[in-house]
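Report on one structure; see the data block that follows.
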Amino acid sequence: MTLKRKSSLVALAAAGALATGGLQVAAASHAHAATASPVTPIWSTQLQWDNNGTAWSEASFAALKADGLNSAEINMPWGTIEPSAGTFSFTELDTELANASAAGIQLIPIFWQSGWGGSPASWITDFEVSDTGATGSAPAWWNTTEQSEYFTYVTDTIQHIAGEAGYGGSILNYGFLDAQWDLNGTPGGWASADITEFQNTYLPATYGTIATFNSDFSTTYTSFSQVPAADPGQALAGVYQAFRAWSVQTTYNQLTADVRNITASTPLYYYYGGHLGNAPSYANNPDVFFKLAKQYNVAIVDDAAQSPGLTLTFGSLARAYGVKVAQEWTAPSDSTQLGAQAVQWLSNYAMGLPDGAGEDFFIHDSTQKDTVGFPIYLKWVSTLQGMSGSYPQQPAAVYMDLSQGYGNTSGGSVAGVEDALTAMWENYQSGFAVVTSQEVNNGAVSLSQFKAVYPLNGVDANLTAYQNGGGTVLTQAGQMASYAPAYAQLANASVLQVVPTVASSNTSAALTLANITSGTAYDNQIAIVPSGLNLNSGTYHLVDAATGNAVPQTVQSDGTICATAGIAAASLAEWNVVAGAAPSGTASATCPTSTTGATTVTATPGSTSGGLSFLGIGQTNQGADGNLTQITQSGTPAVETWTTSQSGSGGANVYLQLDPFSAVATASTVNLQVTYWASSGQGFMAQYDTATNAYQNGPSVTSPGTGTWATATVQLTGAHFDGAQNMGADLRLAVTTPSQTLIVSKVTMSTVSSSGSATLSASPASLSFGSEVVGSTTAAQSVTVSNTGGAAATISSVSVSGPFAQTNNCGTSLAAGASCTASVTFTPTATGSASGTLTVASNATNASLSAALSGTGTSTSTTNLALNAPITASSHTQNYVPANADDGNTGTYWESTDGVWPSTLTVNLGATHSLSSVVVDLPPLSVWQTRTQTFSILGSTNNSTWTTLVASATYTFNPSTGNTVTIKLSSGTSEQYVELSFTANSVQNGAQVSELGIY
470 MTLKRKSSLV
480 ALAAAGALAT
490 GGLQVAAASH
500 AHAATASPVT
510 PIWSTQLQWD
520 NNGTAWSEAS
530 FAALKADGLN
540 SAEINMPWGT
550 IEPSAGTFSF
560 TELDTELANA
570 SAAGIQLIPI
580 FWQSGWGGSP
590 ASWITDFEVS
600 DTGATGSAPA
610 WWNTTEQSEY
620 FTYVTDTIQH
630 IAGEAGYGGS
640 ILNYGFLDAQ
650 WDLNGTPGGW
660 ASADITEFQN
670 TYLPATYGTI
680 ATFNSDFSTT
690 YTSFSQVPAA
700 DPGQALAGVY
710 QAFRAWSVQT
720 TYNQLTADVR
730 NITASTPLYY
740 YYGGHLGNAP
750 SYANNPDVFF
760 KLAKQYNVAI
770 VDDAAQSPGL
780 TLTFGSLARA
790 YGVKVAQEWT
800 APSDSTQLGA
810 QAVQWLSNYA
820 MGLPDGAGED
830 FFIHDSTQKD
840 TVGFPIYLKW
850 VSTLQGMSGS
860 YPQQPAAVYM
870 DLSQGYGNTS
880 GGSVAGVEDA
890 LTAMWENYQS
900 GFAVVTSQEV
910 NNGAVSLSQF
920 KAVYPLNGVD
930 ANLTAYQNGG
940 GTVLTQAGQM
950 ASYAPAYAQL
960 ANASVLQVVP
970 TVASSNTSAA
980 LTLANITSGT
990 AYDNQIAIVP
1000 SGLNLNSGTY
1010 HLVDAATGNA
1020 VPQTVQSDGT
1030 ICATAGIAAA
1040 SLAEWNVVAG
1050 AAPSGTASAT
1060 CPTSTTGATT
1070 VTATPGSTSG
1080 GLSFLGIGQT
1090 NQGADGNLTQ
1100 ITQSGTPAVE
1110 TWTTSQSGSG
1120 GANVYLQLDP
1130 FSAVATASTV
1140 NLQVTYWASS
1150 GQGFMAQYDT
1160 ATNAYQNGPS
1170 VTSPGTGTWA
1180 TATVQLTGAH
1190 FDGAQNMGAD
1200 LRLAVTTPSQ
1210 TLIVSKVTMS
1220 TVSSSGSATL
1230 SASPASLSFG
1240 SEVVGSTTAA
1250 QSVTVSNTGG
1260 AAATISSVSV
1270 SGPFAQTNNC
1280 GTSLAAGASC
1290 TASVTFTPTA
1300 TGSASGTLTV
1310 ASNATNASLS
1320 AALSGTGTST
1330 STTNLALNAP
1340 ITASSHTQNY
1350 VPANADDGNT
1360 GTYWESTDGV
1370 WPSTLTVNLG
1380 ATHSLSSVVV
1390 DLPPLSVWQT
1400 RTQTFSILGS
1410 TNNSTWTTLV
1420 ASATYTFNPS
1430 TGNTVTIKLS
1440 SGTSEQYVEL
1450 SFTANSVQNG
1460 AQVSELGIY
């Protein structure tokens, strides 16, 4: 069927209509909230557009149905569907939908604006540009004509097929420019149309006047047209980055709203492209998609779900936002790892429960990836379909600062957070949550619900506020065990992983056991801890789900169940944890040796119980570093490295992994002892994890060339093993001569005795005081100084530099194991950033202990202290959450539950500040008719005792004057928490605020 375009559903007369009016009108009218309907889990595979030029047949779909699948995704080529602007050809698509329907399969089109064959259409002429001027293959984002063309292609196609029997929903992609992908290694977004939108729409909507912008950034521009689209690393790069993040949200919002106008409840999906570390400094921001998915009843496809770090994050986000998540496997480039990674992908599925939306195999196309991975998927899909329950949740979280993607150039780097999270979980399998900074800012989760939080990439304002409120911020991954007990203890975590699903009754659990290696069998001990699974108190035992028989096991006095698991490489098994004692006659199994707190750990070939293990024994994938072969050398078991000729590239080194809960893993100074075969000309360098270098070059060992066993002892300083920067590896013995093997029989790592010496530590290691008016003083923040050594420390002085002051109770001596507190305040003497240092001088091994101090001095009227601060409300309706009221966008707003008075909106400024005024905005649109709201303003320094700052009064919000109200505060007002308490609204039976500004 070929037809001319119908009237476009996307009336984009100007970019501003999409960027501001479209979003705000939708918000004002509540018009586009999707009809609630469950998303049917997709047990799916992705297909190319057609079968080599022919529509996919009914028989093709019937084969998928027979395999146990219920749907297929099809990659849509824009230029084929719309070969010329305004002319559509649906013949082949209609045929495929009919064939899928006849076979009992639902077909899900994947819409690409760019990034797939046939997209964009050939008649698109204006393309994206990188910050370096390179032209890409994606249409310019804010070219109004071409953006409207893509929207029309999507909406007209969906309008045509929405009623067809084989239609199973759509996957809405925008393409390279949604910042899920790189543009030839550099981000897009600098086309002339993008910069025009930035200067003409975004900046005025965000800052109001150029005077406000100049005040915020200490610039002297006379118009927004002079503000540059700054490149990464330039002074205003954060401003342009914030625009690009806004662009993603704005575009997806409008695209999804337009599709929901056609079909309110048909399943829709967003793809999240790649990994958290893909283009981390611009807009690979998962919360953008989760927030919109919540608003429009959309499921998200995690398309690199073989990564535990990413999938743990998405599972936690799904539970926080109430959004369904499907998972897809992205095959590795190393073909020898296909089976192992397919197994890991499938075993990760339970991490997303109870919000699982199914699985998607990418792509069913008869390539090697397909012939290896697809049978594994089909064999396990019925097990996945039968899963019910939840991934266990403990009252502790791992925290990621993702603010770089929203324009905070000083935010924590996310380049390695996913890998660090993967390594932490693989070594310590526990049901801790994963929380992002934006998740907190959006009000999807509150850090106060957690007993402890471990920061992966720095301490930001959210964590500082959490800590100031009494929360515990951990400094080492190993501390997590005190707050979130592991549910599984493994003899070799680099070989096996365990992912549980806990029944809603908390009386049973299903365990997926996955061997995630390509060539190493796991035939060793495993311990399951019912308390780590959040099971009710009682007695439990293990049953093999495949046979229904109890596995050989021993139940310890604390309830831990110990068994032996035999899992072949790249394979899956399922055990069940069920109530009751193990049947009589069940053979026993010992529990894995615990090395928790051990001050010495040892690795020997063939043993995994010493707290230190060799990685890569038996791996044979050509070209990979770290391959080891187990041998016997002069009667002694040993491992030997591959050579240059075996690896096909550089020499293979020796990699070792520490038990993260041993004392060695948390020690900064460690003795390393290596027993090796003293071959002539062969030696090694000890390379290890430090705070700033994943493989810090350490001491070198030169072989004496005696051809006998030799033992070398060296010391590693400044170690950071618990940082897990290197995935599973904590230590590398880098060979001196890659062309010959290095043979090692034993490696021992020990903490350096602290007997007779003092060592001081500071927690936290830095304090951030936020913004404070020049001449005023913040509330005090504390640093705890602890003596972790074996002798008393003599303290000679405690001092601060910069505009900071301190008091302390440390005295002149601090006993071993004792701690003291230094309380610090910030009094800025000038506007702008300020820094300083708290220094403790002593006779400890670290004679000068320091903690970094920072803050920003402001004038009384230019800084909105509430912007993006933690904000809560007594209630909210639909998707009009509290975070909308301080996100810097007047097009979004908070609204309380209808008829519930009083309704409160409370913001935490992070520290006590001198305050001069409060500004309350509603969306500045004519559709928001003039209304009055009655409210009072309260303040508190502790979120407990409140005083009335401004008595209840009635204020008029008139769109002709910007729908804004400014309220002056009495001189001397100084608070950390500010609350608006509403009692009336003359138009809406609920309180409404689009932006709350506090100055």
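Under our numbering, the first residue of the sequence shown carries the number 470, and numbering increases by one thereafter. Using N, Cα and C, we set each Cβ at its ideal position, and we do this for glycine too. Keep in mind it's a predicted model, so treat the numbers as computed, not measured.
Under the three-state reduction of DSSP, which class applies to residue i: helix, strand or coil?
i, result
"D771", "strand"
"W894", "helix"
"Y643", "coil"
"G939", "coil"
"K1437", "strand"
"H629", "helix"
"M856", "coil"
"P608", "strand"
"V757", "helix"
"K793", "coil"
"A1155", "strand"
"E1448", "strand"
"V1020", "coil"
"G1192", "Summary for G1192: the model assigns pLDDT 48, below 50, so the residue's position carries little reliability; its value from the coordinates is reported in the next sentence. In the structure shown, G1192 sits in a helix (DSSP, three-state: H, G or I)."
Which residues in the same chain as residue i place their Cβ atom closer than 7 Å to its Cβ, once the five residues preceding and following it in sequence are excluded?
i, result
"N1454", "R1400, Q1402, A1460, Q1461"
"F712", "F667, Y671"
"T691", "I679"
"D536", "L847"
"T1299", "The displayed chain sequence assigns Ala, not Thr, to residue 1299. Around A1299: V1243, G1326."
"G1049", "T1008, H1010"
"L566", "L576, I630, E633, G635, Y636"
With distances taken between CB atoms, is the gap from residue i to residue j smaller than 8 Å?
i, j, result
"D771", "F783", "yes"
"G1305", "S1268", "no"
"P924", "L916", "no"
"G842", "A795", "no"
"V467", "L980", "Because the chain in this structure spans residues 470 to 1468, residue 467 falls outside the shown range and cannot be described."
"T1105", "A1121", "no"
"A1034", "L1004", "no"
"T1029", "A996", "yes"
"W592", "S553", "yes"
"V1376", "L1465", "yes"
"A1261", "A1227", "yes"
"Q1126", "T1205", "no"
"L1236", "V1254", "no"
"W798", "A826", "no"
In its own chain, which residues sit with a C-beta less than 6 Å from the C-beta of residue i, not counting the 5 before and 5 after it?
i, result
"T1182", "Q1142"
"F1426", "L1391, R1400, N1432"
"S1131", "T1064, A1067, V1070, G1080"
"S1463", "T1359, Y1362, D1390, L1391, P1392"
"P823", "S859"
So, for residue i: in the same chain, excluding its five sequence neighbours on each side, which residues have a beta-carbon less than 8 Å away from its beta-carbon?
i, result
"A1107", "P1074, Q1099, I1100, T1101, W1146, I1212, V1213, S1214"
"E1241", "T1247, F1295, T1296, P1297, G1324, T1325, G1326, T1327, A1380, H1382, S1383"
Taking DSSP's pairing of strands, which residues face residue i in a bridge?
i, result
"R1400", "F1426"
"S529", "BP columns for S529 are empty, so no partner."
"L1081", "L1127"
"L1374", "A1342, L1449"
"E565", "DSSP lists no partner for E565."
Does the beta carbon of residue i come closer than 8 Å to any beta carbon on chain B?
i, result
"T604", "Note that chain B does not occur in the displayed structure, where there is just one protein chain."
Is the number of C-beta pairs between the segment 1385–1395 and the segment 1410–1429 that are closer than 8 Å three or more? By the criterion of at least three beta-carbon pairs nearer than 8 Å, the segment 1385–1395 is in contact with the segment 1410–1429.
The segment 871–888 / the segment 543–551 touching (three or more Cβ pairs under 8 Å): Result no; under three Cβ-Cβ pairs closer than 8 Å.
Between the segment 1233–1251 and the segment 1340–1358, do three or more beta carbon pairs fall short of 8 Å? As far as the Cβ criterion goes, the segment 1233–1251 does not touch the segment 1340–1358, which means the pair count is below three.
Any 3 or more C-beta pairs closer than 8 Å across the segment 869–886 and the segment 896–906: They touch, by the three-pair rule.
Does the segment 732–741 come close enough to the segment 759–770 that 3 or more CB-CB pairs lie under 8 Å? At 8 Å Cβ cutoff, the stretches touch.
Counting Cβ pairs closer than 8 Å, one from the segment 875–885 and one from the segment 718–730, do we hit at least three? With fewer than three CB-CB distances shorter than 8 Å, the segment 875–885 does not count as touching the segment 718–730.
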